[in-house]
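What follows is a single structure, written as C-alpha cells, with notes after it.
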Amino acid sequence: MNSLDIRTVDVVQYIAPLREGGSMPGLVRADDDFLYVLKFTGAGQGKKALIAELIGGELARLLGLKVPELVFMNLEDTFSQTEPDEEIQDLLKFSVGLNLGLHFLSGAITYDPLVSEIDSPTASKIVLLDSLMSNIDRTAKNTNLLEWKNELWVIDNGASFYFHHNWDTWENHLTRTFPLIKDHVLLAKAKHLEDAAQMIGEKFTPEALENIIASIPEYWLEDDAVALSPDEMRAAYLKYLNAKLGMLDQLVKEAKDAK
Numbered sequence: 001m002n003s004l005d006i007r008t009v010d011v012v013q014y015i016a017p018l019r020e021g022g023s024m025p026g027l028v029r030a031d032d033d034f035l036y037v038l039k040f041t042g043a044g045q046g047k048k049a050l051i052a053e054l055i056g057g058e059l060a061r062l063l064g065l066k067v068p069e070l071v072f073m074n075l076e077d078t079f080s081q082t083e084p085d086e087e088i089q090d091l092l093k094f095s096v097g098l099n100l101g102l103h104f105l106s107g108a109i110t111y112d113p114l115v116s117e118i119d120s121p122t123a124s125k126i127v128l129l130d131s132l133m134s135n136i137d138r139t140a141k142n143t144n145l146l147e148w149k150n151e152l153w154v155i156d157n158g159a160s161f162y163f164h165h166n167w168d169t170w171e172n173h174l175t176r177t178f179p180l181i182k183d184h185v186l187l188a189k190a191k192h193l194e195d196a197a198q199m200i201g202e203k204f205t206p207e208a209l210e211n212i213i214a215s216i217p218e219y220w221l222e223d224d225a226v227a228l229s230p231d232e233m234r235a236a237y238l239k240y241l242n243a244k245l246g247m248l249d250q251l252v253k254e255a256k257d258a259k
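Take a look at the structure:
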C-alpha cells in the first residue's frame, strides 16, 4: 500500500486565529513561505477531524474538484509560550507535533447559494461525495465552499465519517444511507447524479482509496481509549468506503427523492 505524496512543512509564524471556524483554525506561515489554514490536533474533534479532512479532501481531488493543497504541518511548543490569549495558548500547546494545513486562498469569498453560480455536474459530484462520506456540514448555513479566481473550491470536510467518533458501533454505519443529504446546499442544482456516480465508480479504485488511507499519519490513529489498532482503523475506513461504493444507486435515489 503506497501513500500519497503529501508535503510536510514547519510552522514558522502563527499569524491569527480564524474565529469563524468552529474549531478555531489558525492562519500561519510555513517554512516554504506560503500561508496556510492550520487545523489543530488539539481542537474540539481533534485528530478525527483531521483524518476526515484529509480523506475527504483527497477524495474530492480524485473527482477533479478544486481543493486547496493539503500539507502536514509540524508545530513546535514555542508558539504557545508567546501567545497572550489563554484559549489559543492551550490550543497551540495541545497541538504540538503533526497537524494539517490547507493552502490559504487569499481573497476567496464564501459561496452564496442565492447569488453564486455552479454547474450541475460539479454540484452533483459534491452532493454525491458528501453523501458517500456522510458529510453533515455543507448546508446553506455553512456551505464550506469558496469562490476563488472564478472557480469553486471545496474546503472543510472535517465533519465527515462521523462513524469514527464511536468505534464500538462503527460497523452499524456500513449499511446506512445518508438522509441528511436533504439539507445539502447544492442538492437543488445536482441534476447529474447518475453521471457523478459513474465517475466515482471509475475514479475510486481500490489502489486510489488505499493510497489515501495509507497517508493518514500513524500518530492521528493512536488512541488508548479505543480497542482498534491503527492498522485496524485503516481497514475500517477502507471497508466503509467500499460499502458506500456498493450503495451508490441507493445514495443517488435518496438524493433525488430528497429534492
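Sequential numbering from 1 applies to the sequence shown in the UniProt record's numbering.
Here a beta-carbon is modelled for each residue, glycine too, at the ideal position from N, C-alpha and C.
Computed from a predicted model, the values in this text were never measured in an experiment.
- Taking a cut-off of 8 Å for Cβ pairs, the stretch 93 to 109 and the stretch 143 to 155 touch, as three or more such pairs fall below it.
- When DSSP states are grouped into helix, strand and coil, Gly46 belongs to the helix group.
- The three-state reading of DSSP puts Met233 in helix, counting H, G and I together.
- When DSSP states are grouped into helix, strand and coil, His103 belongs to the strand group.
- In the displayed model, Tyr111 falls within coil according to three-state DSSP, outside both helix and strand.
- Taking C-beta separations shorter than 7 Å and ignoring five residues to either side along the sequence, the partners of Lys191 in its chain run Ser120 and Ser124, following chain order.
- Put simply, the stretch 10 to 17 does not touch the stretch 43 to 53. Fewer than three CB pairs are less than 8 Å apart.
- Under the Cβ criterion (8 Å, minimum of three pairs), the stretch 169 to 178 does not count as touching the stretch 193 to 211.
- Judged by DSSP in its simplified three-state form, Val252 adopts helix.
- Taken through DSSP and simplified to helix, strand or coil, Val9 comes out as strand.
- Residues Leu146 and Trp148 of the same chain have their beta carbon placed closer than 6 Å to that of Ala108, with the five preceding and five following residues left out of the count.
- For Asn74, there is no enclosing alpha helix (DSSP H); the residue is part of the beta strand (DSSP E) that begins and ends at Leu70 to Leu75.
- For Leu221, the enclosing alpha helix (DSSP H) starts and ends at Glu218 to Leu221.
- Taking every protein chain shown into account, the CB of Ser131 has 16 or more other CB atoms within 10 angstroms, so this residue is buried.
- DSSP lists Val28 as the beta-bridge partner residues of Tyr14.
- Remark: C-beta atoms of Val28 and Val71 do not approach each other more closely than 7 Å.
- For Leu180, no alpha helix (DSSP H) encloses it, and the DSSP letter there is neither H nor E.
- Rounded to whole angstroms, the separation of the alpha carbons of Ile55 and Ala140 is 23 Å.
- Beta-bridge pairing by DSSP links Gly97 to Leu75.
- Val252 is positioned such that its CB atom lies no closer than 7 Å to that of Leu209.
- Residue ranges of uninterrupted alpha helix (DSSP H) with 4 or more members, entirely inside the stretch 145 to 220 and ordered along the chain, are 193 to 203 and 206 to 214.
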